[in-house]
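Residue numbers (my numbering): 22 to 508. Input: a single structure, listed below in structure tokens.
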Ligand SMILES: Cc1ncc(COP(=O)(O)O)c(C=O)c1O
């Protein structure tokens with residue numbers, strides 16, 4: 022082995038190497054933050070050609086490895102903090118979240134057992150208790166931090182499935198799936214996140230198990246169609262194991278009518294899971310918290326802090342209303358969460374998670390809440406929602422632009438309308454506008470479909486962005502469109 026110990030440890034040499042590496046990386050980040058471009062504009066082919074791995078027998082050493090990462094990764098990264106980077110539910114991060122990452126990474130705690138993360142385990146449990154209070158659940162700590170919305174939705178659907186079979190005296194955990202699986206359905210709106218389909222496929226029930234409920238003019242689940250779909254399921258001899266409502270659809274930010282859906286689910290003893298990956302941010306809102314009324318009625322909830330809570334990726338949570346349902350995924354591993362530990366009251370969070378080894382992402386939310394305080398947190402969340410309303414108003418005043426839907430959270434769906442051109446040509450033009458802006462490195466605008474209409478999307482999470490920034494961006498959209506029309 023070489024003389025230099027590469028492990029982070031208490032030795033003076035390791036601590037010096039750590040400080041050097043962090044200092045070098047931090048300085049590179051500072052320079053990158055000041056790059057004026059949102060993106061350097063390289064194409065897929067250019068990056069493929071440019072990025073070459075260099076694994077040598079002797080190793081390059083920390084300094085050169087960092088220099089290479091700066092050159093080939095950092096400089097060509099997307100500046101998510103840039104005012105014109107508004108394509109996705111992809112947030113700029115809090116400074117305190119960066120500080121938390123330093124602590125999370127250096128300590129490398131693992132959340133599966135208490136003996137691998139003593140203080141971290143307790144902090145995560147207290148945060149789950151706090152989140153439950155925000156949702157309006159009863160006191161308790163049923164819930165866990167996750168890698169994000171997809172995993173939280175999987176937990177909701179999996180427990181819904183297993184609770185459904187358990188009511189019929191069958192343990193999926195022990196014996197697997199049984200019966201005519203083609204008759205088992207999950208209902209969600211046409212605008213629910215695709216992770217519902219992916220998770221149902223993963224759970225052995227296939228995409229066929231997902232019945233899509235129509236949406237209203239604002240992309241919200243249509244209650245009369247929900248009622249029709251439930252009646253049709255009965256008539257077809259199908260059994261609905263869960264209704265998945267969305268609080269904040271990915272594009273329109275639509276919030277399904279939670280209380281009404283909850284009442285319909287309760288009447289039929291159907292598990293209600295609410296995917297509040299985006300809209301869950303309104304838990305902290307001063308102006309818009311009431312949009313989430315009814316969330317407390319859900320059997321399980323998805324929250325995502327790497328969206329409008331401005332935490333670094335990854336950071337999500339799953340909340341379970343009735344802790345007894347955790348029994349459905351109970352597994353005891355002698356080395357992690359033994360019966361002996363349980364009798365002693367030792368909390369080993371592996372019992373609550375699909376993951377075994379797991380990052381201490383909860384620290385970011387804890388430090389974020391402490392650093393900002395609830396008021397400032399509320400302000401930066403509300404800012405996006407209010408800005409989207411102002412931008413929508415401005416779009417309606419522009420003759421060449423068309424607002425596709427009134428905003429509900431912090432997104433604006435619109436399109437460029439040329440004077441002539443059929444639907445396909447307008448769709449292609451808007452797609453090309455999005456591509457051309459990214460290729461120029463100046464802006465990242467989303468391209469999506471709303472009710473079959475190809476449109477552009479601004480996801481206005483960034484609280485440092487103001488109406489003037491968005492007006493500039495819309496000018497670029499128009500200029501780009503006119504150029505494409507000329508070409
Ligand atoms: C409504 C909704 N649910 C779930 C997800 C998936 O979340 P994640 O990317 O954290 O897995 C997304 C992602 O954008 C989303 O918009």
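Here a beta-carbon is modelled for each residue, glycine too, at the ideal position from N, C-alpha and C.
Practice task
Rank 369, 347, 365 by C-alpha distance to the C-alpha of residue 357 and give the top, closest one.
Solution key: The count along the chain shown starts at 1 and reaches residue 357 at position 336. For the residues 369, 347, 365, the minimum Cα distance to residue 357 belongs to 369.
Practice task
For residue 337, verify whether its CB is less than 7 Å away from any heavy atom of ligand 1.
Solution key: Residue 337 sits at position 316 when you count from the first residue of the chain shown. Under cutoff, so the answer is yes.
Handout entry: Those runs of the beta strand (DSSP E) which lie wholly inside the region 275 to 350 and span at least 3 residues
Key = 292 to 297, 321 to 325, 337 to 341
Handout entry: Same chain, Cβ closer than 7 Å to residue 448, neighbours up to 5 away in sequence not counted
Key = Residue numbering aside, residue 448 sits at position 427 when the chain shown is read from its first letter. Correct list, in chain order: 475.
Handout entry: From 325, 330, 134, 343, residue whose alpha carbon lies closest to that of residue 318
Key = Here residue 318 corresponds to residue number 297 of the chain shown, with the count starting at 1. Of 325, 330, 134, 343, the residue nearest in Cα terms is 343.
Problem - Backbone CA spacing between residue 389 and residue 138 [nearest angstrom] - result: For the purposes of this step, residue 389 is taken as residue 368 along the chain shown, with counting starting at 1. For the purposes of this step, residue 138 is taken as residue 117 along the chain shown, with counting starting at 1. Using only the alpha carbons, I get a separation of about 20 Å.
Practice task
Tell me, please, which residues DSSP counts as bridged to residue 106.
Solution key: Along the chain shown, one-based indexing puts residue 106 at 85. BP columns for residue 106 point to 465.
Exercise for the section: Sort 65, 423, 443, 320 by Cα distance to residue 435 and report the nearest one. Expected result: The residue you call residue 435 lines up with position 414 of the chain shown. Checked all of 65, 423, 443, 320; the closest Cα to residue 435 is 423.
Handout entry: Nearest-angstrom Cα separation, counted from residue 278 out to residue 239
Key = Counting from one through the chain shown, the residue named residue 239 turns up at place 218. Counting from one through the chain shown, the residue named residue 278 turns up at place 257. Their Cα atoms are separated by approximately 11 Å.
Exercise for the section: Express the C-alpha separation of residue 302 and residue 466 in angstroms, rounding to a whole number. Expected result: Taking the first residue of the chain shown as 1, we reach residue 466 at position 445. Taking the first residue of the chain shown as 1, we reach residue 302 at position 281. Those two C-alpha atoms are separated by around 22 Å.
Problem - Same chain, Cβ closer than 6 Å to residue 225, five either side skipped, listed in chain order - result: For this step, residue 225 is matched to residue 204 along the chain shown. Answer for residue 225: 198, listed in chain order.
Exercise for the section: Give me the Cα-Cα distance between residue 35 and residue 79, rounded to the nearest whole angstrom. Expected result: The sequence position of residue 35 within the chain shown is 14, counting from 1. The sequence position of residue 79 within the chain shown is 58, counting from 1. Each residue's alpha carbon lies about 19 Å from the other.
Practice task
Have a look at residue 271 and residue 432 and give me their C-alpha separation to the nearest angstrom.
Solution key: To locate residue 271, count along the chain shown from 1; it is residue 250. To locate residue 432, count along the chain shown from 1; it is residue 411. Approximately 9 Å, taken between the alpha carbons.
Exercise for the section: Can you give me the Cβ contacts of residue 383 inside the same chain, cut-off strictly under 7 Å, excluding the 5 residues immediately before and after it? Expected result: The residue you call residue 383 lines up with position 362 of the chain shown. Hits under 7 Å: 144, 145, 148, 166.
Exercise for the section: For the region 91 to 99 and the region 42 to 61, state whether three or more C-beta atom pairs, one from each stretch, are separated by less than 8 Å. Expected result: yes
Handout entry: Distance, residue 503 Cα to residue 472 Cα
Key = To locate residue 472, count along the chain shown from 1; it is residue 451. To locate residue 503, count along the chain shown from 1; it is residue 482. Taking the straight line from one Cα to the other gives about 25 Å.
Problem - Expected contact under 8 Å - CB spacing of residue 291 and residue 264 to nearest Å - result: The residue you call residue 291 lines up with position 270 of the chain shown. The residue you call residue 264 lines up with position 243 of the chain shown. Right, their Cβ atoms sit about 6 Å apart.
Exercise for the section: Measure the alpha-carbon distance for residue 196 versus residue 87 and round it to whole angstroms. Expected result: The count along the chain shown starts at 1 and reaches residue 196 at position 175. The count along the chain shown starts at 1 and reaches residue 87 at position 66. About 50 Å.
Practice task
Look at the Cβ atom of residue 345, then the Cβ atom of residue 131, and state whether they are nearer than 8 Å.
Solution key: Here residue 345 refers to the residue found at position 324 of the chain shown. Here residue 131 refers to the residue found at position 110 of the chain shown. Not a contact, by the Cβ cut-off of 8 Å.
Practice task
Determine which residues share a DSSP beta bridge with residue 165 and list them.
Solution key: As a position in the chain shown, residue 165 is number 144, starting the count at 1. Bridge partners of residue 165: 339.
Handout entry: Stretch-stretch touch, CB-based, cutoff 8 Å, three pairs: the region 170 to 180 with the region 213 to 227
Key = yes
Handout entry: Best match in 499, 327, 99 for proximity to residue 421 [C-alpha to C-alpha]
Key = Indexing the chain shown from 1 puts residue 421 at position 400. Per the Cα distances, 499.
Practice task
Measure the CB-CB distance between residue 107 and residue 481 and report whether it falls below 8 Å.
Solution key: One-based indexing of the chain shown puts residue 107 at position 86. One-based indexing of the chain shown puts residue 481 at position 460. A contact, by the Cβ cut-off of 8 Å.
Exercise for the section: Helix, strand or coil for residue 182, going by three-state DSSP, please let me know. Expected result: Taking the first residue of the chain shown as position 1, residue 182 is located at position 161. Three-state DSSP puts residue 182 in a helix.
Practice task
Could you tell me if residue 311 is buried or exposed, where buried requires 16 or more neighbouring beta carbons within 10 angstroms of its beta carbon?
Solution key: For the purposes of this step, residue 311 is taken as the residue at position 290 of the chain shown. It is exposed - the Cβ of residue 311 has fewer than 16 other Cβ atoms within 10 Å.
Exercise for the section: Output the boundary residues of the beta strand (DSSP E) element that contains residue 426. Expected result: Against the chain shown, residue 426 aligns to sequence position 405. 422 to 426 is the extent of the beta strand (DSSP E) around residue 426.
Problem - Local Cβ density within 10 Å of residue 76, reported as buried at 16 or more and exposed below that - result: What you label residue 76 is simply residue 55 of the chain shown in a count that begins at 1. Exposed, since its Cβ has fewer than 16 Cβ neighbours within 10 Å.
Practice task
For the alpha helix (DSSP H) containing residue 417, list its first residue and its last residue.
Solution key: Working through the chain shown from its first residue, we reach residue 417 at position 396. Taken as a continuous stretch (DSSP letters only), the alpha helix (DSSP H) holding residue 417 covers 383 to 417.
Problem - Nearest-angstrom Cβ-Cβ length linking residue 232 and residue 202, presumed shorter than 8 Å - result: Along the chain shown, one-based indexing puts residue 232 at 211. Along the chain shown, one-based indexing puts residue 202 at 181. Actually they do not touch by this definition, with Cβ atoms about 14 Å apart.
Handout entry: Exposure label - residue 314; buried when at least 16 CB within 10 Å
Key = By one-based count along the chain shown, residue 314 stands at place 293. Label assigned to residue 314: exposed.
Practice task
Kindly examine ligand 1 and report whether one of its heavy atoms sits closer than 7 Å to the Cβ of residue 311.
Solution key: Position 290 of the chain shown, counting from 1, holds the residue named residue 311. No, the Cβ of residue 311 stays beyond 7 Å of every heavy atom of ligand 1.
Exercise for the section: Sort out for me which residues DSSP pairs residue 146 with in a bridge. Expected result: Position 125 of the chain shown, counted from the first residue, corresponds to residue 146. Partner(s): none; residue 146 has no beta bridge.
Exercise for the section: Measure the CB-CB distance between residue 157 and residue 150 and report whether it falls below 8 Å. Expected result: Translated into positions along the chain shown, residue 157 becomes position 136. Translated into positions along the chain shown, residue 150 becomes position 129. Against a cut-off of 8 Å, the Cβ pair of residue 150 and residue 157 comes out as no contact.
Problem - Near ligand 1: residue 333 beta-carbon under 7 Å from a heavy atom - result: Translated into the one-based positions of the chain shown, residue 333 becomes position 312. Checking the Cβ of residue 333 against ligand 1 gives no.
Practice task
Go ahead and label residue 185 buried or exposed: buried means 16 or more other beta carbons lie within 10 angstroms of its beta carbon, across all protein chains shown.
Solution key: On the chain shown, residue 185 is found 164 positions in, with the first residue counted as 1. Looking at its Cβ environment, which holds 16 or more other Cβ atoms inside 10 Å, residue 185 is buried.
Practice task
Provide the residue(s) that pair with residue 34 in DSSP beta bridges, ordered along the chain.
Solution key: As a working note, residue 34 is residue 13 in the chain shown. None, per the DSSP bridge assignment.
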